[in-house]
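Here's the structure, in structure tokens; my notes come after.
Number of protein chains: 2
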Amino acid sequence: MPSNRSRTAPHPASTPRGGATRERLLRAAIELLEEGGYAAAAVAAITTRSDVAAGALYRHFPSKEELFVEVFRTAAEQELAALYEASIKQGSVSEKLDAVVRKFTSSALNKPRLAWALGYEPVDPLVDAERLIYRQTYRERLADLLRIGIANGELPAQDADLSAAALIGAISEALVSPLSPVGEGVEVEELVDSLSRFCRQAVGASPE
Amino acid sequence: MPSNRSRTAPHPASTPRGGATRERLLRAAIELLEEGGYAAAAVAAITTRSDVAAGALYRHFPSKEELFVEVFRTAAEQELAALYEASIKQGSVSEKLDAVVRKFTSSALNKPRLAWALGYEPVDPLVDAERLIYRQTYRERLADLLRIGIANGELPAQDADLSAAALIGAISEALVSPLSPVGEGVEVEELVDSLSRFCRQAVGASPE
DNA sequence: GCGCAATGTGAATCGCGATTCACTATGCTG
DNA sequence: CAGCATAGTGAATCGCGATTCACATTGCGC
Chain A
0 MPSNRSRTAP
10 HPASTPRGGA
20 TRERLLRAAI
30 ELLEEGGYAA
40 AAVAAITTRS
50 DVAAGALYRH
60 FPSKEELFVE
70 VFRTAAEQEL
80 AALYEASIKQ
90 GSVSEKLDAV
100 VRKFTSSALN
110 KPRLAWALGY
120 EPVDPLVDAE
130 RLIYRQTYRE
140 RLADLLRIGI
150 ANGELPAQDA
160 DLSAAALIGA
170 ISEALVSPLS
180 PVGEGVEVEE
190 LVDSLSRFCR
200 QAVGASPE
Chain B
0 MPSNRSRTAP
10 HPASTPRGGA
20 TRERLLRAAI
30 ELLEEGGYAA
40 AAVAAITTRS
50 DVAAGALYRH
60 FPSKEELFVE
70 VFRTAAEQEL
80 AALYEASIKQ
90 GSVSEKLDAV
100 VRKFTSSALN
110 KPRLAWALGY
120 EPVDPLVDAE
130 RLIYRQTYRE
140 RLADLLRIGI
150 ANGELPAQDA
160 DLSAAALIGA
170 ISEALVSPLS
180 PVGEGVEVEE
190 LVDSLSRFCR
200 QAVGASPE
């Protein structure tokens, strides 16, 4: 189908300026989330940062909500991919858990506000639904990892779903609380070590 | 000072109707938080439920925000009192921890939305500040409890502050997640048992 | 070189919730 | 009683952010 397609596909692309505005909008939204949470990510702010007028947003998304659904979905995919990566490496469940904690931790520490916004901050219903799916998925994957450990005797018997949820909660809280006064603490490494130890002990993984 | 006090104290009380409107407003606010979170607790909703007009709220509070500061403060005091009670009973740290988990849990399970709103839902700055104090206090008290255990050898050495934060996170997440589809699960008892076990294991308390 | 679709503009509009305010009612105190 | 402070009313107002829309501009296919 080279030349002829009656009623050709809309139009490939053709922006007067440089990059795709759509991408700039998404990027701006993420940046604003990083800086000031959902409250800072107003339409005006997003479009201003993208060097377009407010109306332009609606040429690319049916609503602000839908834009954020995409932001959340993208972020969730990245997190889940990272979790997957961490979970296939190495052998021992304890090591995998350690890797997961570090992965999870490093992104959260790099961008605390973003992590908070993506994970906890209540937003519009549509976005919330998206987040619920992500959380559930993350929990399930983590529970799978635990189940493997339980099955092969590395971990004691336990409710894997509950443990997974509790781990996520423990990590989030431990990271969010001490870091709220934005100042990047000094003992980040130490914190992560302690946290990793805590998590492994919590599920009964053999030490070290 | 029986009869005379030039410029007597303002005025004791005198409502045309029954109870103190102020109390009704606070109560209504809590009920609405329980039912639909902060979003449902609009001034109009609060005043309607209290059988007064919107303006009446401003006879008792300088702003909606201040009303909620009071709501949060009261709730926080109750929680902290409960924590204190649980922590002075019995002897072993493991038992105390168990008591704390159950106390914390039962209130959260009774009113999940309220727990969420009080603990996590972002609100106005003033209220948020209040919550921050509460969280910090709760964490410190819990950390104190852990430190006692560490000191007398019941718990292994660890970062008590981090463990306290992680415990709170674990409990919150474990309770909130599986209960989001409001339906009261069947195995509440089981859940609490598992959670208590998880927490005690997480801090390295001797089993049982 | 025309026409049309995509894209962008930005002021006006909408919606919604908090807050105000002029007025009324109540009941104490002197 | 008169005076006055407390309480309450509820429509009007304010503020603020999302969304719309009538009007450019651009660039490709014909």
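Which chain is which? The protein sequence lines are A and B, in order. Taking numbering that gives the first Met the number 0, the leading residue of the first sequence gets 0, the next gets one more, and so forth. Taking numbering that gives the first Met the number 0, the leading residue of the second sequence gets 0, the next gets one more, and so forth. Ideal Cβ placement from N, Cα and C applies to all residues, glycine included.
For residue i, does the three-state DSSP call read helix, strand or coil?
i	result
Phe60(A)	coil
Glu186(B)	coil
Thr46(B)	helix
Gly36(A)	helix
Gly168(B)	helix
Ser195(B)	helix
Leu31(B)	helix
Ala19(A)	coil
Gln200(A)	helix
Pro180(A)	Residue confidence is low: Pro180(A) scores 46 on pLDDT, short of 50, so the model does not pin down where it sits. No coordinate-derived value is stated.
Gln77(A)	helix
Val51(A)	coil
Ser205(B)	coil
Ala173(B)	helix
Ala41(A)	coil
Ser86(B)	helix
Val92(A)	helix
Return the chain-ordered list of same chain residues with a C-beta closer than 6 Å to the C-beta of residue i, the five sequence neighbours on each side being excluded.
i	result
Gly203(A)	Leu154, Pro155
Tyr133(B)	Ala75
Tyr37(A)	Ala116, Glu120, Val122
Asn151(B)	none
Excluding the five sequence neighbours on either side, which residues of its own chain have a C-beta within less than 8 Å of the C-beta of residue i, listed in chain order?
i	result
Leu145(B)	Val92, Leu154, Gln157, Ala159, Ser162, Ala163, Val202
Ala28(B)	Ala40, Ile45, Leu66, Phe67, Val70
Val99(B)	Leu82, Ala85, Ser86, Leu141, Leu144
Arg138(B)	Asp160, Ala163, Ala164, Ile167
Ile149(B)	Pro155, Ala156, Gln157, Ala159
Gln89(B)	Lys95, Ala98
Val187(A)	Leu108
Thr136(A)	Ala75, Leu79
Glu22(A)	none
Please state whether the Cβ-Cβ distance between residue i and residue j is less than 8 Å.
i	j	result
Ser171(B)	Gly118(B)	yes
Val126(A)	Glu64(A)	yes
Gly112(B)	Gly168(B)	Note on identity: in this sequence residue 112(B) is Arg, with Gly being the wrong assignment. Cβ distance not < 8 Å, so Arg112(B) and Gly168(B) don't count as in contact.
Lys110(A)	Glu189(A)	no
Val191(B)	Arg101(B)	yes
Cys198(B)	Leu31(B)	no
Thr73(B)	Leu174(B)	no
Who are the Cβ neighbours of residue i in its own chain at under 7 Å, not counting the five residues just before and after it?
i	result
Ala114(A)	Ser106, Ala107
Thr20(B)	Thr14, Ser49, Val51, Ala55, His59
Glu53(A)	Contrary to the premise, residue 53(A) reads as Ala rather than Glu in this sequence. The residues are Val42, Ala43, Thr46.
Leu24(B)	Ile45, Ser49, Leu56, His59, Leu66
Ser193(B)	none
Ile147(A)	Val92
task: Could you pull out every unbroken beta strand (DSSP E) segment of at least 3 residues lying fully inside the region 94-161 of chain B, listed in chain order?
output: none
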